[in-house]
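Participant: Just so you know, the protein sequences line up as chains A and B, in that order. For the first sequence, my numbering begins at 37 and goes up steadily by one. For the second sequence, my numbering begins at 37 and goes up steadily by one. Backbone N, C-alpha and C fix where the C-beta goes; we use that ideal spot for every residue, glycine too. Here it is, the structure, as structure tokens.
Number of protein chains: 2
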Amino acid sequence: MRFRLVLMAGVCLSAAFCSMPFVAQTGSDTRAAAPATEPAYEKNGDMKPPASYREWIYLTSGIDMSYSPKPDFADHSMFDNVFVNPEAYRTFVQTGTWPDKTVMVLEARMAQSKGSINQRGHFQGTDLMALEVHVKDTARFPDKWAFFEFDSLDKPGSLVPQGAPCYTCHAAHGAVDTTFVQFYPTLLPLAQQKKTLSQAYLAEEAKEKK
Amino acid sequence: MRFRLVLMAGVCLSAAFCSMPFVAQTGSDTRAAAPATEPAYEKNGDMKPPASYREWIYLTSGIDMSYSPKPDFADHSMFDNVFVNPEAYRTFVQTGTWPDKTVMVLEARMAQSKGSINQRGHFQGTDLMALEVHVKDTARFPDKWAFFEFDSLDKPGSLVPQGAPCYTCHAAHGAVDTTFVQFYPTLLPLAQQKKTLSQAYLAEEAKEKK
Numbered sequence: 037m038r039f040r041l042v043l044m045a046g047v048c049l050s051a052a053f054c055s056m057p058f059v060a061q062t063g064s065d066t067r068a069a070a071p072a073t074e075p076a077y078e079k080n081g082d083m084k085p086p087a088s089y090r091e092w093i094y095l096t097s098g099i100d101m102s103y104s105p106k107p108d109f110a111d112h113s114m115f116d117n118v119f120v121n122p123e124a125y126r127t128f129v130q131t132g133t134w135p136d137k138t139v140m141v142l143e144a145r146m147a148q149s150k151g152s153i154n155q156r157g158h159f160q161g162t163d164l165m166a167l168e169v170h171v172k173d174t175a176r177f178p179d180k181w182a183f184f185e186f187d188s189l190d191k192p193g194s195l196v197p198q199g200a201p202c203y204t205c206h207a208a209h210g211a212v213d214t215t216f217v218q219f220y221p222t223l224l225p226l227a228q229q230k231k232t233l234s235q236a237y238l239a240e241e242a243k244e245k246k
Numbered sequence: 037m038r039f040r041l042v043l044m045a046g047v048c049l050s051a052a053f054c055s056m057p058f059v060a061q062t063g064s065d066t067r068a069a070a071p072a073t074e075p076a077y078e079k080n081g082d083m084k085p086p087a088s089y090r091e092w093i094y095l096t097s098g099i100d101m102s103y104s105p106k107p108d109f110a111d112h113s114m115f116d117n118v119f120v121n122p123e124a125y126r127t128f129v130q131t132g133t134w135p136d137k138t139v140m141v142l143e144a145r146m147a148q149s150k151g152s153i154n155q156r157g158h159f160q161g162t163d164l165m166a167l168e169v170h171v172k173d174t175a176r177f178p179d180k181w182a183f184f185e186f187d188s189l190d191k192p193g194s195l196v197p198q199g200a201p202c203y204t205c206h207a208a209h210g211a212v213d214t215t216f217v218q219f220y221p222t223l224l225p226l227a228q229q230k231k232t233l234s235q236a237y238l239a240e241e242a243k244e245k246k
């Protein structure tokens, strides 16, 4: 089943990226081995799927995040989880910013409410509803970073064309190097300590406090 | 500031454990190094804090999960994130159940809504509001598993006495070996495949479907 999922009404998704479709999968995204985490591509420019991302470093989760005050979903709620490759994470911990070959993965999962003994709030369903990658590869992309959308974890992902809303939104509002570090609870204090927050973000925050 | 946080009205917490207090912290839970992940204890029986748990394997997040139909929090929402030590995760992927020395960590973070460019839904705040551990240590605990509550990541955690509601709830409802695998989206399908789901859980699910 191909699942058309509008993750975000307007611009870019919550903790990371853009909206995208996905082939719903059931639990096939857990791998025992942990292969290399550097980005790899097909000859046509597609990106190979980041098979082991669930074993990378977890950054955060959100639910129904939106940059529009209007609800995106009338009938359901959606979690998004963000992961980064361990090598990039370790550099961030040391420097407060991202090295070349950083790969950030955003997955979306349906939020369920009633299930087993749970009566309220939301937990995450087994079906993976969307997967996107934000990758820094300075030799490959003119603006250093690129977005890829995946229809499945078994197929290469397609490059989102430069100029798409996710690029402009991340460039304008990302707290560190076009990424939404303001939503990553363990990384934001590091960026504050190391003074790597972008001027655009600092200006927005100062305006917000006035 | 000591933050008294009632995570759950009744029994045990959402994806894992019991309710507990916590000294609110700001972003001090990100470590660059990844020390050994085996459980370690003080002479008095307290557990040493699992310092590097944010670099372990992420299992899931929930928000405001409750086993009671009544709201737990009138004025705020709370995320909980669950991590497990990588060694135990790899065994689970192979066998569908937990080995000795499994350490599961649940952290709670306040859910924020307005912040930066976010207008709706919820993202996770930088302050860590609660931390609990569920550990399997067969030589140490008569029932194999124990719960520990931590007031801070800098201090040892206290053993929750056997017989407390979290033990009975996990024993009665945990899908695999007293753990809430039914709420871990990448592990539930593995347990189904490997037929390691508990009889109690399977009976509950069969009853639910009637």
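Starting from Tyr103(B), find everything on chain A with Cβ-Cβ shorter than 8 Å and list it in chain order.
Facilitator: Locating residue 103(B) in the second sequence gives position 67, counting from the first residue. Those are Ile153, Asn154 and Gln155, listed as they occur along chain A.
Participant: What residues from the segment 90-101 of chain A come within 8 Å of chain B, judged by C-beta to C-beta, listed N to C?
Facilitator: Listed by position, the residues of the segment 90-101 of chain A near chain B (Cβ gap below 8 Å) are Arg90, Glu91, Ile93, Tyr94, Thr96, Ser97, Gly98, Ile99, Asp100 and Met101.
Participant: Determine the DSSP secondary structure at Lys172(B), reduced to helix, strand or coil.
Facilitator: Here residue 172(B) corresponds to residue number 136 of the second sequence, with the count starting at 1. Residue state, collapsed to three classes: strand.
Participant: Give me the chain A residues within the contact set of Arg176(B), using Cβ-Cβ distance strictly less than 8 Å, ordered along the chain.
Facilitator: In the second sequence, counting from the first residue as 1, residue 176(B) sits at position 140. Result: empty, since nearest Cβ-Cβ is about 28 Å, beyond 8 Å.
Participant: Between Tyr237(A) and Tyr203(A), what straight-line distance do the alpha-carbon atoms span, to the nearest angstrom?
Facilitator: As a first step, residue 237(A) is located in the first sequence; it is residue number 201 there, counting from the start. As a first step, residue 203(A) is located in the first sequence; it is residue number 167 there, counting from the start. Using only the alpha carbons, I get a separation of about 15 Å.
Participant: By the 10 Å Cβ neighbour count, where 16 or more other Cβ atoms means buried, how is Gln130(B) classified, buried or exposed?
Facilitator: Counted from its first residue, the second sequence places residue 130(B) at position 94. By the neighbour-count rule (16 or more Cβ atoms within 10 Å), Gln130(B) is not buried but exposed.
Participant: Taking Cβ-Cβ distances shorter than 8 Å, what residues in chain A pair up with Asn117(B)?
Facilitator: Counting from 1 along the second sequence, the entry for residue 117(B) is found at position 81. The contacting residues are Tyr94 and Ser97.
Participant: By the criterion of Cβ-Cβ separation under 9 Å, what are the contact partners of Glu240(A) in chain B?
Facilitator: On the first sequence, residue 240(A) is found 204 positions in, with the first residue counted as 1. Near Glu240(A) (Cβ distances below 9 Å), the residues of chain B are Ser152 and Ile153.
Participant: Can you have a look at Asn117(A) and say buried or exposed, based on whether 16 or more other CB atoms are within 10 angstroms of its CB?
Facilitator: Residue 117(A) sits at position 81 when you count from the first residue of the first sequence. Looking at its Cβ environment, which holds 16 or more other Cβ atoms inside 10 Å, Asn117(A) is buried.
Participant: Please report how far the alpha carbon of Ala68(B) lies from the alpha carbon of Arg126(A), in whole angstroms.
Facilitator: Stepping through the second sequence from its first residue, residue 68(B) is reached at position 32. Stepping through the first sequence from its first residue, residue 126(A) is reached at position 90. Unreliable positioning characterises Ala68(B) in this predicted model, as indicated by a pLDDT of 40, which lies under 50. The coordinate reading is nonetheless provided below. Distance between the alpha carbons of Ala68(B) and Arg126(A): 6 Å.
Participant: Leu164(A) and Phe186(A) - do their beta-carbons sit closer together than 7 Å?
Facilitator: For this step, residue 186(A) is matched to residue 150 along the first sequence. For this step, residue 164(A) is matched to residue 128 along the first sequence. No, these two residues do not count as a Cβ contact at 7 Å.
Participant: Between the alpha carbons of His158(A) and Met101(B), how many angstroms are there, rounded?
Facilitator: Looking up residue 158(A) in the first sequence gives position 122. Looking up residue 101(B) in the second sequence gives position 65. Roughly 6 Å separates the two Cα atoms.
Participant: If we count the other Cβ atoms within 10 Å of its Cβ and call it buried at 16 or more, is Asp190(B) buried or exposed?
Facilitator: Start at 1 with the first residue of the second sequence, and residue 190(B) comes out as number 154. Answer is exposed; the Cβ neighbour count stays below 16.
Participant: Taking Cβ-Cβ distances shorter than 7 Å, what residues in chain A pair up with Thr131(B)?
Facilitator: Along the second sequence, one-based indexing puts residue 131(B) at 95. Simply none; closest approach about 11 Å.
Participant: Listed in chain order, which residues of the segment 161-193 of chain B have Cβ atoms closer than 7 Å to some Cβ of chain D?
Facilitator: Given the protein chain composition of this structure (A and B), no chain D is represented.
Participant: Using the three-state DSSP reduction, which class does Val59(A) fall into: helix, strand or coil?
Facilitator: Here residue 59(A) is taken as the residue at index 23 of the first sequence, counted from 1. Residue confidence for Val59(A) is low, a pLDDT of 42 falling below 50, so the modelled location carries little weight; the figure read from the coordinates is stated next. The answer is strand: DSSP assigns Val59(A) an E or B state.
Participant: Between the alpha carbons of Gln235(B) and Pro197(A), how many angstroms are there, rounded?
Facilitator: By one-based count along the second sequence, residue 235(B) stands at place 199. By one-based count along the first sequence, residue 197(A) stands at place 161. Distance between the alpha carbons of Gln235(B) and Pro197(A) is about 51 Å.
Participant: What residue from Gln148(B), Val212(B) and Lys137(B) has the CA that sits closest to Arg176(B)'s CA?
Facilitator: Along the second sequence, one-based indexing puts residue 176(B) at 140. When only C-alpha atoms are compared, the closest one is Lys137(B).
Participant: Please name the residue, chosen from Gln160(A), Ser188(A) and Ala144(A), that lies closest to Lys150(A) on a Cα-to-Cα basis.
Facilitator: Here residue 150(A) refers to the residue found at position 114 of the first sequence. The shortest Cα separation from Lys150(A) among Gln160(A), Ser188(A) and Ala144(A) belongs to Gln160(A).
Participant: Pick out the complete beta strand (DSSP E) segments inside the segment 106-160 of chain A, 3 residues or longer, and give them in chain order.
Facilitator: DSSP runs (the beta strand (DSSP E)) wholly in the segment 106-160 of chain A: 113-120 and 139-148.
Participant: What residue range does the alpha helix (DSSP H) around Thr232(B) cover?
Facilitator: Translated into the one-based positions of the second sequence, residue 232(B) becomes position 196. Thr232(B) -> no alpha helix (DSSP H), and no H or E assigned at all.
Participant: Could you name the residues of chain B that His209(A) contacts, counting a contact when the two beta carbons are closer than 8 Å?
Facilitator: Here residue 209(A) refers to the residue found at position 173 of the first sequence. Per Cβ cutoff of 8 Å: Ser152 and Ile153.
Participant: Straight-line CA distance for Tyr77(A) to Val171(B)?
Facilitator: Residue numbering aside, residue 77(A) sits at position 41 when the first sequence is read from its first letter. Residue numbering aside, residue 171(B) sits at position 135 when the second sequence is read from its first letter. Each residue's Cα considered, the two are about 41 Å apart.
Participant: Along the segment 220-233 of chain B, what residues have a CB closer than 9 Å to any CB found in chain A?
Facilitator: Correct list: Tyr220, Pro221, Thr222, Leu223, Leu224, Pro225, Leu226, Gln228 and Gln229.
Participant: Is Trp181(A) closer than 7 Å to Thr214(A) when the C-beta atoms are compared?
Facilitator: Translated into the one-based positions of the first sequence, residue 214(A) becomes position 178. Translated into the one-based positions of the first sequence, residue 181(A) becomes position 145. Yes, these two residues count as a Cβ contact at 7 Å.
Participant: For Ala207(A), report the span of its alpha helix (DSSP H) as first-last.
Facilitator: Locating residue 207(A) in the first sequence gives position 171, where the first residue counts as 1. Element bounds for Ala207(A): Pro201 to His209.
Participant: Tell me whether Glu185(A) sits in a helix, a strand or coil according to DSSP, three-state version.
Facilitator: The sequence position of residue 185(A) within the first sequence is 149, counting from 1. Strand at Glu185(A).
Participant: For Tyr77(B), does the three-state DSSP call read helix, strand or coil?
Facilitator: Here residue 77(B) corresponds to residue number 41 of the second sequence, with the count starting at 1. Strand at Tyr77(B).
Participant: Can you tell which of Asp82(A), Ser104(A), Asn121(A) and Phe115(A) has the C-alpha that lies nearest to the C-alpha of Ile93(A)?
Facilitator: Taking the first residue of the first sequence as position 1, residue 93(A) is located at position 57. Per the Cα distances, Asn121(A).
Participant: In the structure shown, what three-state DSSP assignment does Leu95(B) receive?
Facilitator: By one-based count along the second sequence, residue 95(B) stands at place 59. Strand.
Participant: Apart from the five residues on each side of it in sequence, which residues of its chain come closer than 8 Å, Cβ to Cβ, to Val81(A)?
Facilitator: As a first step, residue 81(A) must be located in the first sequence, where it is residue number 45. Here the sequence assigns Gly to residue 81(A), which means Val is not the residue at that position. Excluding sequence neighbours, Gly81(A) sits near Leu195.
Participant: Assign Ala239(A) to one of two classes, buried (16 or more other C-beta atoms within 10 Å of its C-beta) or exposed (fewer than that).
Facilitator: Locating residue 239(A) in the first sequence gives position 203, counting from the first residue. Per the 10 Å Cβ criterion, exposed.
Participant: Would you identify the three-state DSSP class for Ala166(B), choosing helix, strand or coil?
Facilitator: Along the second sequence, read from residue 1 onward, the residue named residue 166(B) stands at position 130. Strand.
Participant: Name, in chain order, the residues that DSSP records as bridge partners for Val212(A).
Facilitator: In the first sequence, residue 212(A) corresponds to position 176, counting from 1. Looking at the DSSP assignment, Val212(A) forms a beta bridge with Thr215(A).
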